[in-house]
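K.L.:
Below is one structure. I have some questions about it.
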Amino acid sequence: MTEIESDLKVVAKKFYDLKYNTVSYVRNVGRLWQNFIDVYTIQKWCKEGFLVLDVGCGDGRIALPLSQKFHIIGVDFSRSGIKISVKRAGKSSKTLAFLVADIEHLPFRERIFDLVYSLGTFEYFDKPNKALQEIRRCLKSSGIIIFNVWSEEAIRLGPLYSTLSRIFLSRSKKNRKTPFKIAVYSSSKIRRVIRECGFKIIECRRHYLRSNHIILARTR
Ligand SMILES: C[S@@+](CC[C@H](N)C(=O)[O-])C[C@H]1O[C@@H](n2cnc3c(N)ncnc32)[C@H](O)[C@@H]1O
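So the mapping is simple: our numbering equals the position in the sequence shown, first residue as 1, plus 5.
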């Protein structure tokens with residue numbers, strides 16, 4: 006979690022474009038991340054007929070299985086991530102679409118989604134308000150948001166995180182270090198931000214060695 010560049014967004018975009026092109030990342034970290042927040046966490050809150058948005062969908066890890074039951078649109082600012090998602094989805098899926106877009110400028114009209122989830126993305130925002138407000142704009146009234154943020158306690162897991170990165174991220178020397186710091190939140194800070202952005206918290210709990218807050222909220 007060393008700070009090399011301050012503009013998190015720019016660095017994150019370069020990082021993911023590179024990583025999705027690295028087979029070892031998709032295979033190894035994808036598998037590791039799979040156990041982190043699984044598809045059932047999202048599925049539990051989906052109902053028949055829901056239109057669901059996956060923001061920061063990456064390689065389609067969650068959107069693909071969910072699309073067997075619900076209509077899903079996945080967006081990510083990494084072209085290589087979207088390319089993998091499209092390839093994995095194949096031509097036949099009628100319930101799934103992917104497009105390149107930035108969370109802070111979603112290419113959708115107001116109030117069309119029943120549920121929006123965003124996993125592993127909020128660590129790249131110095132100021133999460135813009136992303137939350139944009140998601141809120143696209144959610145129907147009483148629409149649901151599910152997302153996670155890293156907790157302040159995750160900093161203590163720094164050495165573990167670096168070791169895992171070394172093992173899983175890449176075997177080439179130039180990619181061994183995590184190239185940017187991530188944004189972390191105390192429970193009170195993330196609760197305050199969510200409320201400020203017009204959501205009512207349903208649940209905000211710790212997960213995965215207390216390293217993350219998983220947040221479930223509804224538009225007010
Ligand atoms: C840790 S990965 C998680 C991918 C996926 N959500 C999952 O759980 O497997 C973070 C993803 O967020 C995307 N991302 C980060 N900031 C973004 C932004 N501002 N707009 C769109 N996508 C973003 C990255 O490109 C990357 O694919």
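Think of the CB as a built atom: it goes at the ideal place given N, C-alpha and C, for glycine as much as any other residue. Just so we're clear, the structure is a prediction, and the values are computed from it rather than from any experiment.
(1) Pull up the DSSP beta-bridge partners for S156, would you.
(2) So does G95 have its beta carbon nearer than 7 Å to some heavy atom of ligand 1?
(3) The alpha helix (DSSP H) with N217 in it runs from where to where?
(4) Where does F113 fall in DSSP's three states?
(5) When every heavy atom of ligand 1 is checked, does at least one fall within less than 7 Å of the C-beta of V198?
(6) Does the Cβ of T100 lie closer than 7 Å to at least one heavy atom of ligand 1?
(7) Comparing C-alpha positions only, which one of V198, E201, D131 and A159 sits nearest to H212?
(8) Please classify K52: is it buried, with 16 or more other beta-carbons within 10 angstroms of its beta-carbon, or exposed?
(9) Tell me where the beta strand (DSSP E) around C209 begins and ends.
P.N.:
Here's the rundown:
(1) Y190
(2) no
(3) Note, N217: premise wrong, no alpha helix (DSSP H); beta strand (DSSP E) at N217 to T224.
(4) coil
(5) no
(6) no
(7) A159
(8) exposed
(9) F204 to H212
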